[in-house]
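Q:
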Amino acid sequence: MNNSQIKSIKECLDLLSEIEQTSEEYIPELLRIVRLLRQSMIAKQTSITAWDHAINQLNNSNLNQEKQERFHELFQSWSELDDENEQKATLKIIESLEVVSI
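Per my numbering, the sequence shown starts with residue 189, numbered consecutively.
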């Protein structure tokens, strides 16, 4: 076993130990937390994949250089936003443009 596998096994054992020490009344809430964490990780990875696809599509498009740079700047600023609602609003604007399909 390599160090990564040993660390992973230790972390799993630590997690199981924490669960065993958790009062039974809190188990349903703990389960909800674990599921929410897993779902958010899946959503994050999906978002990153879609984001990479959009950037690649933009970089390989036939847009003139100025428009391409403006879209790239928009995507850069959008990726730095923390507010999901702002990101959704920006995505709607981008999707309404006929020159870009995401």
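Note that the Cβ used here is the ideal one computed from N, Cα and C, for glycine as well.
If you're wondering where the values come from, they're calculated on a predicted model, not measured in any experiment.
Can you tell me which of the three DSSP states residue 237 falls into?
A: Locating residue 237 in the sequence shown gives position 49, where the first residue counts as 1. In the structure shown, residue 237 sits in a helix (DSSP, three-state: H, G or I).
Q: Go ahead and label residue 277 buried or exposed: buried means 16 or more other beta carbons lie within 10 angstroms of its beta carbon, across all protein chains shown.
A: Taking the sequence shown and counting its residues from 1, the one referred to as residue 277 is at position 89. Exposed is the call here.
Q: Can residue 207 and residue 218 be called in contact, C-beta distance under 8 Å?
A: Here residue 207 refers to the residue found at position 19 when the sequence shown is read from its first residue. Here residue 218 refers to the residue found at position 30 when the sequence shown is read from its first residue. Yes. Within cutoff.
Q: Check the C-beta distance from residue 238 over to residue 263 and give it rounded, since I have them as a contact under 8 Å.
A: For the purposes of this step, residue 238 is identified with residue 50 of the sequence shown, where counting begins at 1. For the purposes of this step, residue 263 is identified with residue 75 of the sequence shown, where counting begins at 1. Contact between residue 238 and residue 263 fails: their C-beta atoms lie close to 12 Å from each other, not under 8 Å.
Q: If you reduce the DSSP assignment to three classes, tell me which class residue 209 lands in.
A: Reading the sequence shown from its first residue, position 21 is the one you call residue 209. Assignment of residue 209 by DSSP, reduced to helix, strand and coil, places it in the coil class.
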